[in-house]
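Numbering-wise, the sequence shown is residues 1 to 542 according to the working numbering.
Each residue gets a CB set at the ideal place from its N, CA and C atoms; glycine is no exception.
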Amino acid sequence: MSGQRPESPTHRPDASVTGRTESGTPFEPRYGPEALAGFDPAVALGEPGEFPYTRGVYPSMYTSRPWTMRQYAGFGTAAESNARYQELIAQGTAGLSVAFDLPTQMGMDSDATLASGEVGKVGVAIDSVDDMRALFAGIPLGEVSTSMTINAPAAVLLLLYQLVAEEQGVDPARLTGTIQNDVLKEYIARGTYIYPPQPSLRLVSDTFAYCQQHLPRWNTISISGYHMAEAGATPAQEVAFTLANGIAYVEAALAAGLAVDDIAPRLSFFFVSRTTLLEEVAKFRAARRIWAHLMRDRFGAQNPRSLMLRFHTQTAGVQLTAQQPEVNLVRVTVQALAAVLGGTQSLHTNSFDEALALPTQKSARLALRTQQVLAYETDVTKTVDPFAGSYVVESLTDGVEAEARRLMAAVAERGGAVAAIEQGFQKAEIEQSAYDIAREIDAGERVVVGVNRYRLDEEEPYEPLRVDPALEAAQTARLVDLRAGREGAAVVAALAELRAAAAGTANVLPPLKRALALRATVGEVCDALREVWGVYRPTDAF
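Right under this line is the structure:
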């Protein structure tokens, strides 16, 4: 016990914290039959795989096969990331999840002035089809499912992926995976936006239409609450603001002439999973129920797949600590278990060292092993929705649903998600929640093991994985060679065609693809759209 500070014997949990859920609703110390007074299982639950999908979107859930185990990876060069993907596939990963560096996320080339110091740091640098080809070298794109965490330039990266698949001889109709493509949450919580909201929504709806025709199995958007939660959103806020964004995307697609049952089956969602296991299970169940009613009652969807809220989950990076990082193994396991008990379709487990640096190969493998233990060594996959009928979980599910609906109504009162974003509503609500959490931690009312309780006098040394600073110069040199080796006049003409499409009403993805096939860079095509659509400049609205 050397080095551990003893717990104060006078410490008592603050009632204001223990007496409520993360969403702010009452958390009773005991639940019994009275918690389900008036509860009609046939209405609130239904059967697994049936409306309102509270119990899961598929009848058998994990009893027939486990969730898709994705590992989010990408750093440095495309070749380095490819080596990590090959390792993950060899270790049993069923789906790849690509992290891009900040310049790529912002639609900038690696040699842009603002990219200096950020190339390859938080993900892989992708400047052209050459990099995308290197990223997936030796990986048969017709056989793997790939998720790409990219938003403002999502269409660009998807088209690069399609070009590489076509080079491999893969029919685009066979490609499966997801692009995040959720730009609205960038204005709320994350900040990697490029264009103003309206042209951004146009690019999203153009992507919907393009994929319906060319990539029918691809999930065209992953509407994300994860980043809102990482910024401080409560579970109810996460659900409310994510589903409000979902409404905006559906409305934009309908306005563009698409039919709800053509686009809705390809929508997917992305949520966080925290250590508060019971409320997280309730959150996932409530989100499914709200979305099913929305799609049926508001939008008149007829296809059952249009009513299904299918989602990917990532464990909560914001809850990982640099202090005693090994304790994060426990946190990630609890978070992963909450996601599984809540019925996720795919899952990424964070590595224990992510609060310190990029995950090492060993820690990434251990994160994957966490999922494999849950899938194959526990009994949680033997039955569907294990908590169904639980006094506490059903009560919490109702509580999250009621609070989420209240917040969604507040967004609607402000004119919908885009108007509320422009008024700063969601951002202000999340910032208040983040402040409350920070205050509780600072006051010791909210326990964070190793941070404000059970600390060590001295942390053990840790050697993090670091990106070679020479990478940026090498990536820039490759860009020089690329520009010198392509047909410059053809690229100029293709970019002019792209600008013309952006200025009109035609779908911008076909000319965008033609430019990328000619080896136009990510920065060049995004700049062409910037010239027409402008860039978003946030204002302090509150």
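Cβ-based neighbour list, residue i, same chain, cut-off 7 Å, excluding 5 preceding and 5 following
i    : result
T333 : T370
F39  : E394
A15  : The predicted position of A15 is uncertain, since its pLDDT is 35 and thus under 50; a value taken from the coordinates is nonetheless stated next. Contacts found: none.
E429 : Q237
Y226 : F270, F271, V272, Q314
T25  : G399, E403
H214 : P172
Contact set for residue i: own chain, Cβ-Cβ below 8 Å, skip 5 residues either direction
i    : result
Q517 : According to the sequence displayed, residue 517 carries Ala and not Gln. The answer, listed in chain order, is V129, L163.
L141 : Y161, V164, A165, Q168, V170, L175
L258 : S205, F208, A209, Q212
L482 : D127, S128, D130, R519, T521
Option in the options with minimal Cα separation from residue i
i    : options                : result
A322 : D353, A316, I179, G342 : D353
M631 : W291, Q302, G300       : The requested residue 631 does not occur in the structure, where the chain is confined to residues 1 to 542.
V467 : A493, A357, E460, A35  : A357
F75  : A528, L471, I188       : L471
V330 : R274, W218, C526, V532 : R274
E230 : V400, N82, T315, T476  : T315
R65  : D379, Q213, I179, T149 : D379
G485 : A473, A253, T521       : T521
H312 : F269, A255, M132, P199 : F269
A256 : L203, D436, T113, V392 : L203
R288 : T276, P304, L277       : P304
A173 : P153, R217, P199, H293 : R217
A264 : A240, M228, R310       : R310
V492 : G138, A528, L254       : A528
S116 : P469, F241, R84        : P469
Y376 : A189, I139, T63, P325  : T63
Y536 : V447, T276, E422, G138 : E422
E326 : L366, H293, G343, D442 : L366
A410 : Q426, I188, A112       : Q426
L347 : Q324, Q372, S363, K362 : Q372
E47  : G488, P33, P386, G317  : P386
E251 : Y85, N219, Q198, V239  : Q198
Beta bridge counterpart(s) of residue i as assigned by DSSP
i    : result
G76  : V124
M69  : L347
I221 : L267
G177 : T146, W218
Q314 : V272, H348
F387 : Note: F387 sits in no beta bridge, so no partner.
F284 : In DSSP, F284 forms no bridge with anything.
G95  : R70, S145
R20  : P26
R406 : DSSP output for R406 lists no bridge partner at all.
F100 : V124
R486 : R486 is not bridged to any residue.
L366 : Partner(s): none; L366 has no beta bridge.
Sequence-distant residues of the same chain with beta carbon closer than 6 Å to residue i, five excluded per side
i    : result
Y58  : G49
E186 : N151, T192, Y193
P511 : E497, L498, A501
F136 : V164
N328 : L320, F352
V260 : F299, A301
R296 : L307
Distance between beta carbons of residue j and residue i, contact taken as under 8 Å
i    : j    : result
G523 : G107 : 6 Å
V122 : D109 : At roughly 17 Å, the Cβ-Cβ gap does not stay under 8 Å, so V122 and D109 are not in contact.
E544 : R499 : The shown model of the chain, from 1 to 542, leaves out residue 544, and the question about it has no answer.
A515 : V508 : Actually they do not touch by this definition, with Cβ atoms about 10 Å apart.
M69  : V384 : That pair is no contact at about 19 Å.
Y195 : I221 : Not confirmed; about 16 Å, so no contact.
R133 : A388 : The Cβ separation is near 47 Å, so there is no contact.
M408 : L243 : 6 Å
A125 : P103 : 7 Å
L479 : Q71  : With a Cβ gap of about 29 Å, L479 and Q71 do not count as contacting.
S23  : E279 : 7 Å
T77  : Q345 : Contact flag wrong, Cβ pair sits at about 31 Å.
A35  : Y391 : 5 Å
Q324 : L201 : That belief does not hold up - the Cβ atoms of Q324 and L201 are roughly 44 Å apart, past 8 Å.
L294 : I247 : 7 Å
A412 : A73  : Not confirmed; about 38 Å, so no contact.
CB contact check: residue i to chain D, cutoff 7 Å
i    : result
G117 : Protein chains in the displayed structure number just one, and chain D is not present.
Any non-hydrogen atom of the ligand FAD within 6 Å of residue i CB
i   : result
F27 : Ligands displayed in this structure: none; no statement on the ligand FAD is therefore possible.
Any chance the stretch 194-207 sits against the stretch 146-160, with 3 or more Cβ pairs inside 8 Å? yes
Under 8 Å, with one C-beta from each stretch per pair, do the stretch 440-459 and the stretch 82-102 reach the 3-pair mark? At 8 Å Cβ cutoff, the stretches do not touch.
Evaluate the contact criterion for the stretch 167-177 versus the stretch 145-156: three or more CB pairs, one atom per stretch, below 8 Å. Output reads yes: the stretch 145-156 touches the stretch 167-177.
Closer than 8 Å is the cut-off here; do at least three beta carbon pairs connect the stretch 337-347 with the stretch 282-301? Note that the stretch 337-347 touches the stretch 282-301; at least 3 beta-carbon pairs, one per stretch, sit closer than 8 Å.
Using 8 Å as the Cβ pair cut-off and three pairs as the minimum, do the stretch 292-300 and the stretch 416-433 touch? no
Count the C-beta pairs between the stretch 400-413 and the stretch 232-246 that are closer than 8 Å, then say yes if the count reaches three, no if not. yes
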